[in-house]
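1 is the number of the first residue of the sequence shown in UniProt numbering; add one for each residue after it.
Structure record follows, encoded as structure tokens.
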Amino acid sequence: MDGLAAPSPSHSGATSGGGASHRKRKLPPSSLSDATADEDDDTTAPSSPSTSPSSPSRPSSPSSSHSDDDDDDSLHTFTAARLDGAPPSSSGRPPKPESSTVSAAAAAAAAAAAPKPDSASAAAGDGKEDPKGLFTDNIQTSGAYSAREEGLKREEEAGRLKFLCYSNDGVDEHMIWLVGLKNIFARQLPNMPKEYIVRLVMDRTHKSMMVIRNNIVVGGITYRPYTSQKFGEIAFCAITADEQVKGYGTRLMNHLKQHARDADGLTHFLTYADNNAVGYFVKQGFTKEITLDKERWQGYIKDYDGGILMECRIDQKLPYVDLATMIRRQRQAIDEKIRELSNCHIVYSGIDFQKKEAGIPRRTMKPEDIQGLREAGWTPDQWGHSKSRSAFSPDYSTYRQQLTNLMRSLLKATDCQNMNEHPDAWPFKEPVDSRDVPDYYDIIKDPIDLKTMSKRVESEQYYVTLEMFVADMKRMFSNAKTYNSPDTIYYKCASRLESFFSNKVASQLAQASTKN
1 MDGLAAPSPS HSGATSGGGA SHRKRKLPPS SLSDATADED DDTTAPSSPS
51 TSPSSPSRPS SPSSSHSDDD DDDSLHTFTA ARLDGAPPSS SGRPPKPESS
101 TVSAAAAAAA AAAAPKPDSA SAAAGDGKED PKGLFTDNIQ TSGAYSAREE
151 GLKREEEAGR LKFLCYSNDG VDEHMIWLVG LKNIFARQLP NMPKEYIVRL
201 VMDRTHKSMM VIRNNIVVGG ITYRPYTSQK FGEIAFCAIT ADEQVKGYGT
251 RLMNHLKQHA RDADGLTHFL TYADNNAVGY FVKQGFTKEI TLDKERWQGY
301 IKDYDGGILM ECRIDQKLPY VDLATMIRRQ RQAIDEKIRE LSNCHIVYSG
351 IDFQKKEAGI PRRTMKPEDI QGLREAGWTP DQWGHSKSRS AFSPDYSTYR
401 QQLTNLMRSL LKATDCQNMN EHPDAWPFKE PVDSRDVPDY YDIIKDPIDL
451 KTMSKRVESE QYYVTLEMFV ADMKRMFSNA KTYNSPDTIY YKCASRLESF
501 FSNKVASQLA QASTKN
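Shown next as structure tokens:
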């Protein structure tokens, strides 16, 4: 993936009285043509911030849509400390770090170091197994997203992966990383002017959240925080080509959101994205609907022709770097609640149900002998329940005999042993011979034929209801239509025979209903 372009201008040259010039500017050609979006979460999304590193700060907005009063509701304050049992702060917001430049990896490591609940140790005191553990140990506790996030978190804890945010502060190690990040932006967007990239990455009003693997930078996001306006503008986002499709893009954005919230006090991100970058930003929670008060951002960023302005609201409560843990515990809580209302978590041992030819059971088994069937709500009156039952005798033994006779008559009407009844039954008399049709059983995974159905009928054990018999017959027709093209004789025979069979079933049921 060569890169995604998300041009996003920052504040331009200043005017008097705290104003700012506001003009349109066209995107560099590479921003719109050289980028291809990976459908995963790793991306290269450049934005195009300011042309001037020196810009006057504007007075903060007198009222914000995300004030401290809105954050007082700490009922669902899912910070990492709260998840691990620590009491939340009185404001419902995680405490801000002392320094404006915070190591996101250190914060993640601190959260990971907190004790985690262990279902096995929960019941160690009384020597009994924890019933919740019996349940949750057998469930899938994470999806693909959570599994990947937890894998990256383990790499952070092991020290192989770091997410750090720095600006041009003159520290040698930080400057080496920033130069490496600048080179990644230049490689991923070869048509973007290198001087432009250098100016933005090294601009001291901009900050860069970097992915550092084995002490080598492999990607990052450069953004400009407008702390007085409580929003940030993303300039560039890129992951080096040989480290993509590993989840770094999402993990990087999560670290950026948490750092921007906790260290910079931001509530929103804005960026200009082209069509190739929109998909990535949508996955990261950005939307084309701008809800941020226009007075807070207008004049601080320029309009770009060909770019789509996108916004992301930074949640003031979510533990962005520990979302996988939150999702896993929420899923466990839901599954445990389901356990209280249902017994679906109980797994019974299997039954010895050996079959003979044509799937006919070797011995008759009563439904009530199957473990768990009654516990699932089954009752004896449900045995053999059928929509067509009303057409037969209410006595069960008589019903079974009538059902068998009906199925025999239907097969006699279609079986090729009686060709005078219907001339289109001949392709379905015997199972398909794989020596004649080598790939048949590669395509048709559930074969059926009239001979097999006749054996099942004569066993008087297989077909408990008429619906089971009809389902086998319909599958036989469906198999023929799946394997053969519509212009073949086999397809046409299946269509004609299916129509004949449907009419025959309807007439036979009508006769049976009249007799009873």
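We treat Cβ as the ideally placed atom computed from N, Cα and C, and that holds for glycine.
Margin query: Let me confirm a value: Leu252 is counted as buried when at least 16 other C-beta atoms fall within 10 Å, else exposed. Which label applies?
Written below: If you number the sequence shown from 1, residue 252 lands on position 252. Burial call: buried.
Next item on the list: Going by CA-CA distance only, name the one from Ala186, Ala147 and Trp297 that's closest to Glu311.
Entry: Within the sequence shown, the letter at position 311 stands for residue 311. For the residues Ala186, Ala147 and Trp297, the minimum Cα distance to Glu311 belongs to Trp297.
Note to self: Suppose you measure from the CA of Leu323 to the CA of Gly151; what does that come to, to the nearest Å?
What the structure shows: As a first step, residue 323 must be located in the sequence shown, where it is residue number 323. As a first step, residue 151 must be located in the sequence shown, where it is residue number 151. Taking the straight line from one Cα to the other gives about 13 Å.
Margin query: Mapping the DSSP letters down to three states, classify Arg329 as helix, strand or coil.
Written below: As a first step, residue 329 is located in the sequence shown; it is residue number 329 there, counting from the start. Arg329: helix per DSSP, three-state reduction.
Notebook entry, point to check: So Tyr272 and Gly219 are in contact, right, with Cβ under 8 Å, and what is the actual spacing, rounded?
Noted result: The sequence position of residue 272 within the sequence shown is 272, counting from 1. The sequence position of residue 219 within the sequence shown is 219, counting from 1. In fact, because the Cβ distance is near 20 Å, the residues do not count as touching under 8 Å.
Notebook entry, point to check: Quick one: does the C-beta of Ala494 sit closer than 6 Å to a heavy atom of the ligand NAP?
Noted result: Although the ligand NAP was asked about, the structure shown includes no ligands whatsoever.
Next item on the list: Compute the Euclidean distance between the alpha carbons of Arg204 and Ser146, then round it to the nearest angstrom.
Entry: One-based indexing of the sequence shown puts residue 204 at position 204. One-based indexing of the sequence shown puts residue 146 at position 146. About 35 Å.
Margin query: Does the CB of Ser507 have a neighbour CB from chain D at under 7 Å?
Written below: This model lacks chain D altogether, as it is built from one protein chain only.
Notebook entry, point to check: If you count every other CB in all the chains shown that lies within 10 Å of the CB of Gln188, and 16 or more means buried, which is it?
Noted result: Translated into positions along the sequence shown, residue 188 becomes position 188. Per the 10 Å Cβ criterion, buried.
Next item on the list: Report the rounded CA-to-CA distance for Met468 versus Leu341, giving the unit in angstroms.
Entry: The sequence position of residue 468 within the sequence shown is 468, counting from 1. The sequence position of residue 341 within the sequence shown is 341, counting from 1. So the alpha carbons of these two residues sit roughly 32 Å apart.
Notebook entry, point to check: Does the separation of the CB atoms of Arg362 and Lys356 fall below 7 Å?
Noted result: Taking the first residue of the sequence shown as position 1, residue 362 is located at position 362. Taking the first residue of the sequence shown as position 1, residue 356 is located at position 356. Against a cut-off of 7 Å, the Cβ pair of Lys356 and Arg362 comes out as a contact.
Margin query: Here's the rule I'm using: 16 or more other beta-carbon atoms within 10 Å means buried, otherwise exposed. How should Ala235 be labelled?
Written below: Stepping through the sequence shown from its first residue, residue 235 is reached at position 235. Result: buried.
Margin query: I need the DSSP call for Cys493, collapsed to helix, strand or coil.
Written below: Walking along the sequence shown from the start, residue 493 turns up at place 493. If DSSP states are grouped into helix, strand and coil, Cys493 belongs with the helices.
Notebook entry, point to check: How is Lys355 classed by DSSP in three states: helix, strand or coil?
Noted result: Taking the first residue of the sequence shown as 1, we reach residue 355 at position 355. Strand at Lys355.
Check: Leaving out five residues before and five after Glu289 in sequence, what residues of the same chain have Cβ atoms less than 8 Å from its Cβ?
Finding: For the purposes of this step, residue 289 is taken as the residue at position 289 of the sequence shown. The residues are Glu311.
Check: Are there 16 or more other CB atoms within 10 angstroms of the CB of Tyr396, so buried, or fewer, so exposed?
Finding: The residue labelled residue 396 in the question sits at position 396 within the sequence shown. Answer is exposed; the Cβ neighbour count stays below 16.
Margin query: With three or more beta-carbon pairs closer than 8 Å as the criterion, would you say the segment 387-402 touches the segment 483-494?
Written below: no
Next item on the list: Would you tell me roughly how many angstroms separate the C-alpha atoms of Asn191 and Gln330, rounded to the nearest one?
Entry: To locate residue 191, count along the sequence shown from 1; it is residue 191. To locate residue 330, count along the sequence shown from 1; it is residue 330. Those two C-alpha atoms are separated by around 45 Å.
Check: Using the C-alpha atoms, what's the distance from Glu149 back to Glu157?
Finding: As a position in the sequence shown, residue 157 is number 157, starting the count at 1. As a position in the sequence shown, residue 149 is number 149, starting the count at 1. Each residue's Cα considered, the two are about 12 Å apart.
Item checked: Three-state secondary structure assigned by DSSP to Gln298 -> Sequence index remark: in the sequence shown, residue 298 carries index 298 (1-based). It is a strand residue.
Margin query: Taking a contact to mean a Cβ-Cβ separation below 7 Å, would you say Met210 touches Leu256 in this structure?
Written below: For the purposes of this step, residue 210 is identified with residue 210 of the sequence shown, where counting begins at 1. For the purposes of this step, residue 256 is identified with residue 256 of the sequence shown, where counting begins at 1. No, these two residues do not count as a Cβ contact at 7 Å.
Checklist line | Three-state secondary structure (DSSP) of Pro190 | finding: By 1-based counting over the sequence shown, the position of residue 190 is 190. It is coil, neither helix nor strand.
Note to self: My output table needs one value for Tyr462: the three-state DSSP class, helix, strand or coil.
What the structure shows: On the sequence shown, residue 462 is found 462 positions in, with the first residue counted as 1. Looking at Tyr462 - three-state DSSP - the assignment turns out to be coil, as it is neither helix nor strand.
Check: Does DSSP put Ile212 in a helix, a strand or coil?
Finding: As a first step, residue 212 is located in the sequence shown; it is residue number 212 there, counting from the start. It is a strand residue.
Check: For Ala260, which option in Glu233, Lys283 and Glu243 has the closest C-alpha, if you only look at C-alpha atoms?
Finding: Taking the sequence shown and counting its residues from 1, one reaches residue 260 at position 260. Nearest option by C-alpha distance: Glu233.
Check: According to DSSP, what are the bridge partners of Pro361?
Finding: Counting from one through the sequence shown, the residue named residue 361 turns up at place 361. According to DSSP, Pro361 bridges with Lys355.
Next item on the list: State the Cα-Cα distance for the pair Lys481 and Ser495, rounded to the nearest angstrom.
Entry: The sequence position of residue 481 within the sequence shown is 481, counting from 1. The sequence position of residue 495 within the sequence shown is 495, counting from 1. Using only the alpha carbons, I get a separation of about 8 Å.
Item checked: Pro448 burial status per 10 Å Cβ neighbour count (16 or more: buried) -> Working through the sequence shown from its first residue, we reach residue 448 at position 448. Rather than Pro, the amino acid found at residue 448 in this sequence is Ile. Buried: at least 16 other Cβ atoms inside 10 Å.
Notebook entry, point to check: Roughly how far, in whole angstroms, is the beta-carbon of Lys455 from the beta-carbon of Ala358, given that I think they are within contact range, below 8 Å?
Noted result: What you label residue 455 is simply residue 455 of the sequence shown in a count that begins at 1. What you label residue 358 is simply residue 358 of the sequence shown in a count that begins at 1. Sure, about 4 Å apart at Cβ, within 8 Å.
Notebook entry, point to check: Tell me, which residues are paired with Met310 by DSSP?
Noted result: Indexing the sequence shown from 1 puts residue 310 at position 310. According to DSSP, Met310 bridges with Thr271.
Checklist line | Separation of Asp369 from Ala376, as counted between CA atoms | finding: Looking up residue 376 in the sequence shown gives position 376. Looking up residue 369 in the sequence shown gives position 369. One C-alpha to the other measures close to 13 Å.
Item checked: 6 Å CB neighbourhood of Lys194 in its chain, flanking five on each side removed -> Residue 194 sits at position 194 when you count from the first residue of the sequence shown. Taken in chain order, the residues that qualify are Ala186.
Notebook entry, point to check: Under a Cβ-count criterion, where at least 16 other Cβ atoms within 10 Å of its own Cβ denotes burial, should Glu498 be classed as buried or exposed?
Noted result: Position 498 of the sequence shown holds residue 498. Its Cβ being crowded by 16 or more others within 10 Å, Glu498 is buried.
Check: Does the Cβ of Gln258 have 16 or more other Cβ atoms within 10 Å, making it buried, or fewer, making it exposed?
Finding: Translated into the one-based positions of the sequence shown, residue 258 becomes position 258. Under this definition Gln258 is a buried residue.
Next item on the list: For Ser167, count neighbouring Cβ atoms within 10 angstroms of its own Cβ and tell me buried if that reaches 16, exposed if not.
Entry: Stepping through the sequence shown from its first residue, residue 167 is reached at position 167. Ser167 comes out buried.
Note to self: Can you find the residues in the same chain that come closer than 6 Å, C-beta to C-beta, to Lys26, ignoring five residues on each side of it along the sequence?
What the structure shows: Counting from 1 along the sequence shown, the entry for residue 26 is found at position 26. Per-residue confidence for Lys26 stands at a pLDDT of 47, beneath the threshold of 50, marking its modelled position as unreliable; the derived number appears in the next sentence. Here the set comprises Asp305.
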